[in-house]
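S.K.: Quick one: this structure, given as C-alpha coordinates, is what I'll be asking you about.
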Amino acid sequence: MIALSLSQTASSLFKFVQTSEFFVLPSVFLVMSCSVQ
(Lines of atoms letter the chains of each structure in order from A and count residues from 1; the text may use other names and numbers.)
(Lines give C-alpha, C1' and ligand atoms only; values in the text may rest on other atoms or scores of the structure.)
Protein backbone atom coordinates (compact mmCIF):
# COMPACT_ATOMS: atom_id res chain seq x y z
CA MET A 1 0.00 0.00 0.00
CA ILE A 2 2.82 2.39 0.90
CA ALA A 3 4.73 1.41 -2.25
CA LEU A 4 1.59 2.01 -4.33
CA SER A 5 1.11 5.52 -2.97
CA LEU A 6 4.83 6.16 -3.42
CA SER A 7 4.67 5.13 -7.09
CA GLN A 8 1.56 7.30 -7.58
CA THR A 9 3.37 10.25 -6.02
CA ALA A 10 6.40 9.62 -8.22
CA SER A 11 4.29 9.42 -11.39
CA SER A 12 2.34 12.57 -10.53
CA LEU A 13 5.60 14.36 -9.73
CA PHE A 14 7.03 13.21 -13.08
CA LYS A 15 3.93 14.55 -14.89
CA PHE A 16 4.25 17.83 -12.98
CA VAL A 17 7.91 18.11 -14.02
CA GLN A 18 6.99 17.47 -17.66
CA THR A 19 4.19 20.06 -17.68
CA SER A 20 6.18 22.63 -15.72
CA GLU A 21 9.17 22.08 -18.02
CA PHE A 22 6.88 22.92 -20.97
CA PHE A 23 6.17 26.31 -19.34
CA VAL A 24 9.55 26.95 -17.69
CA LEU A 25 11.76 26.47 -20.76
CA PRO A 26 10.05 29.12 -22.97
CA SER A 27 9.94 31.62 -20.09
CA VAL A 28 13.66 31.07 -19.37
CA PHE A 29 14.38 31.51 -23.08
CA LEU A 30 12.40 34.78 -23.10
CA VAL A 31 14.22 36.08 -20.02
CA MET A 32 17.60 35.21 -21.54
CA SER A 33 16.76 36.89 -24.86
CA CYS A 34 15.46 39.98 -23.06
CA SER A 35 18.56 40.21 -20.86
CA VAL A 36 20.82 39.86 -23.93
CA GLN A 37 19.07 42.77 -25.64
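Note that the numbering used here has the sequence shown beginning at 90, numbered continuously upward.
Backbone N, C-alpha and C define an ideal beta-carbon position, used for all residues, glycine too.
Helix, strand or coil, according to DSSP, for Gln107 in the structure here?
M.R.: Reduced to three states, the DSSP call for Gln107 is helix.
S.K.: Taking DSSP as the reference, what is the three-state secondary structure of Gln126?
M.R.: Reduced to three states, the DSSP call for Gln126 is coil.
S.K.: Can you grab the Cα-Cα spacing for the pair Thr98 / Phe112, in whole Å?
M.R.: If you take the alpha carbons of Thr98 and Phe112, they lie about 21 angstroms apart.
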